[in-house]
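Numbering (mature numbering (1 follows the signal peptide of the UniProt record, and there is no 0)), first residue to last: -24 to -1, 1 to 1168.
Cβ coordinates follow ideal geometry from the N, Cα and C atoms, glycine included.
All values reported here derive from a predicted model rather than from experimental measurement.
Below: one structure, written as structure tokens.
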């Protein structure tokens, strides 16, 4: 064994080498890291053990270590630490990491007390290693604040105050800056910081640098480094913190009235720069707007125009936010400066910003500012779907672009929205911003959203009143329609979207049903009562168990369900019967009333008398070309022509042009200046036409839509007859509101006749009294033809026709309304019958069918009762029976036995025969007179030489009727006509044989007890007879209407065709008739100097039943003796049967037609050799006296 001492020394030497190796390893490895070489792990010492081992060699002696540097009363010296110089820094580092060390060792090797470490004061020297990577001391005296301006010359610099120390702060990053702002009292803020330098006077050159992670609550939780400037310049940080309270949106100098919604962005009273090339996009706008509400989204725009002081420097130049930035405090920004463009935002709430002005309908607005479109058809249905889905939950609506012409005080904001249709709100759609000046041309958007769902309509129709009077039911329908419109909107049910949306479909089904009921129940002020004489309404009322059947049908309707039943099929069959019944009634009305009435009205419009007046006025115009006042006369004639032509074209497209020409003509005549009294009179009378022309123009403007609708519907009926479509009926009733007041009141026609007659008279006076040399020809022409007098008479006849047209148009309009309503009743019953053959699809459909069914049977029941009562009223001479009045007031709960039991007897079982008179007038026409010259017009027909027509209004005057032989004075009215035939004055030419005469009398208007009644069949009379026929040659029966004495049979005629009305209904004597005459011989005019009357043959009935033995009033068998040649027989005296001699002397002229009248030929004419009439004097001769029979 070797020496033990030598062995121990060798072992220590070996372990020392290993210790050195271990310490060498610690240069590259941290103390915590173990040696990875597994072979050396058992023999290598850790750095700590190695240091302890080596420390045994230092002068502290055996058993001491470096760790004793931390526990000694004094720290280790530098020499002790530097014994192994290459390990000095590592030993210092090792000692610094000992947590319980009482000393902290500087880089130089000197030690300081551990409490001097991180005490915000430099103790180790210029490297400041004792104040690096420090945590702030926990002290109440530690604060952060803005520096006073005298400290650093800037009140935005931040310092750390620790006791009496004020240490300037320098920031290293954005996260640290945000924590600093939190410490300054800003919970969330946009941070803008920058480093500034300032020359320092004095020895204190320290500053502090903070490092934070960004999540710290305040700066004391961050790390810091305290540093010292190595020269006279100090670096510090200027920091600005902006929270949401410093943020505002402005317009001009004040806050925007759209507070926090729209305007230029201001931070602490200064704007933000708008840099379109680098930043300020939707990310930045979103971040700004979310400061006001987390529900907002932002839209950026250049707001320079909203900033009054454009030279005001900006708070922020470049604000940059990324997509994840929820607040503007999370953005980055550079400090402000001058920039030309200023930033603005529009803050829009996805749910609340876009809205309709009136809730579910109205102008579309964004932030209370109307949204605009810059193109005419830019707004789309997809856009409407999005806003309606948001407003009502139903993605359906309609829109309208409204052109804005007045741009004063108009603000624009959102423009040109484009949606795909699936967005949750308009905020998700594409749109532009126009924040201040509106475009030159733009459109506002009006939207109406459907707001009712299918179930809502079931509750709406419950308000319909199915009981009560027709007026009450109709009012309830109107109220429900208004309610439907108010709650659900006003929608067109004629678009292709009718079936595309279930809610619109339910709306349209409900609306259509209510509209149909409105037309069916509308109480119309009937201008006439239509009597269907072919169909006996009472017979249907008498039908077995009629009332019971209606009651049973009503109960069956209430029991309808969505599944088809046997009872439902029976209801369907019943409605089929109603539809068939209505079809037959429509056929009767169209073919036997409307079409004949339309033809009759067409005849009035195409009157021969009107064409004659035009010819006469044209002749007057030709004569006017030779007078001095040529232009005035021609203007007068053109005005009359235009006005009269307009009266015959009312409702037509060219009416406006004609009435305008007449109005211009009157204005031209008003300007005429002359000293002539005749011309002044003409001008004065023409002026009176102005108010009447204006009245006609206003009437047409008010009613032209209705007149055109009526003409269009009438054309459909004429083409399709009774098969016309129910849609045409509904369209007519929808557009036709009633013609309203007539163009000219009846009492105005007399005034109009006087005015036009006076105008013609004044015109003729101007022509005849003209000082023109050529006027003598006009005077001669007037003397021969009597053009002025004939024109005045023709004018009066034309006015009579116009008056009938005026009243008959209203009659036709009501007939069209009746037909349209009947067609809707028919189609409704038919559609119900078909739909009830199948299952009903929904509860709404069931309720609508029940409602419509109940009203259809009520309308059918009411129509039958009213038709039956109308006939009973007419048969009762215009007085309604009490039981009819009661039944019509309440058709639901009333006894109809008396209605069923009423017997309809003939109104005229015992007529009175009469030879009646019709006065002839050549002056202003009035009721009960006719102008014979209109019946005796020359015809261009080679077969019928004379052809004319005229209207006769029989006066509703008992005295007139008795004075003219229609009734006896003791008779009581009303009176009804069973036979009515008129005979023209007979003419027996010396040369020529028999000739045929035909007269026809057609009823135009029938009035009873102030109510106009119309019949389904034309009421007309006709008589054909042969005149100038030998007694033995007559193949009919002879009649002598103009016989003046019992022995005179010279003037009898041979009647070949005659007839009476079949009854039981007859026209009233209070009626208007159109009389038409044609003759194969040219009948001359009558120039009577005594009263002249046309003879009429009548069968007339009165209210009182006639006794069988009552004397008939055909007075042809009791005529007195014949009068002398210079006398005439006064037929009115003969009618009176007063016993006075009817023969009276002729006041002028000579006795004609066997003493029936006295004829006085005008100058220039002499009596013809025939029974009556005058003929012109031969050329070169003249009849100087009116009663002379010779021309000299």
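Kindly give me the distance between the Cβ atoms of residue i and residue j, rounded to whole angstroms, as I take these residues to be in contact under 8 Å.
i            : j            : result
residue 430  : residue 482  : 4 Å
residue 973  : residue 960  : 6 Å
residue 389  : residue 410  : 7 Å
residue 1150 : residue 1141 : 4 Å
residue 370  : residue 321  : That pair is no contact at about 33 Å.
residue 289  : residue 314  : 5 Å
Please report the straight-line C-alpha distance between residue i and residue j, rounded to a whole angstrom.
i            : j            : result
residue 120  : residue 182  : 16 Å
residue 612  : residue 662  : 8 Å
residue 1026 : residue 1148 : 13 Å
residue 318  : residue 241  : 8 Å
residue 1093 : residue 890  : Model confidence at residue 1093 stands at a pLDDT of 40, short of 50, so the residue's coordinates are unreliable; what they give is reported in the following sentence. Rounded to the nearest angstrom, the two C-alpha atoms are 12 Å apart.
residue 310  : residue 148  : 15 Å
residue 84   : residue 68   : 9 Å
residue 1099 : residue 1131 : 6 Å
residue 71   : residue 86   : 12 Å
residue 76   : residue 115  : 22 Å
residue 1062 : residue 447  : 57 Å
residue 139  : residue 145  : 16 Å
residue 971  : residue 1008 : 15 Å
residue 213  : residue 267  : 27 Å
residue 244  : residue 154  : 18 Å
residue 468  : residue 426  : 11 Å
residue 843  : residue 1044 : 19 Å
residue 1111 : residue 941  : 6 Å
residue 1235 : residue 271  : This structure cannot settle anything about residue 1235, because the visible part of the chain is limited to -24 through 1168.
residue 414  : residue 281  : 13 Å
residue 1090 : residue 906  : Its pLDDT being 44, under 50, residue 1090 is placed unreliably in this model, and the value from its coordinates should be taken loosely. C-alpha separation (whole angstroms): 23 Å.
residue 305  : residue 170  : 17 Å
By a C-beta neighbour count over all protein chains shown, 10 Å radius and 16 as the cutoff for buried, is residue i buried or exposed?
i            : result
residue 795  : buried
residue 1038 : exposed
residue 539  : exposed
residue 887  : buried
residue 1168 : exposed
residue 703  : exposed
residue 450  : buried
residue 1086 : Interpretation of residue 1086 is limited by its pLDDT of 38, a score under 50 that renders its predicted location unreliable; no figure is taken from the coordinates.
For residue i, name the three-state secondary structure that DSSP assigns.
i            : result
residue 279  : coil
residue 891  : strand
residue 817  : coil
residue 667  : helix
residue 446  : helix
residue 9    : Caution applies to residue 9, whose pLDDT of 36 falls short of 50 and renders its modelled position unreliable; the value that the coordinates give is listed next. Residue 9 falls in the coil class under three-state DSSP.
residue 200  : strand
residue 80   : strand
residue 1    : In this predicted model, residue 1 has a pLDDT of only 41, less than 50, meaning its place in the structure is not dependable; the value taken from the coordinates is given anyway. In this structure, residue 1 counts as helix in the three-state DSSP scheme.
residue 304  : helix
residue 340  : strand
residue 396  : coil
residue 789  : helix
residue 928  : strand
residue 1007 : coil
residue 256  : coil
Pairing CB atoms from the segment 1027 to 1035 with CB atoms from the segment 992 to 1007, are three or more of them under 8 Å? yes
Three or more C-beta pairs under 8 Å: does that hold for the segment 343 to 358 against the segment 282 to 292? no
Whether or not the segment 492 to 499 and the segment 975 to 990 are in contact is what I'm after, with contact meaning three or more pairs of Cβ atoms, one per stretch, closer than 8 Å; do they touch? no
Within the chosen definition, does the segment 820 to 832 reach the segment 847 to 860 through at least 3 CB pairs nearer than 8 Å? no
With a cut-off of 8 Å, do at least 3 Cβ pairs link the segment 186 to 205 to the segment 219 to 229? no
Is the segment 547 to 560 close to the segment 803 to 811, with three or more CB pairs under 8 Å? yes
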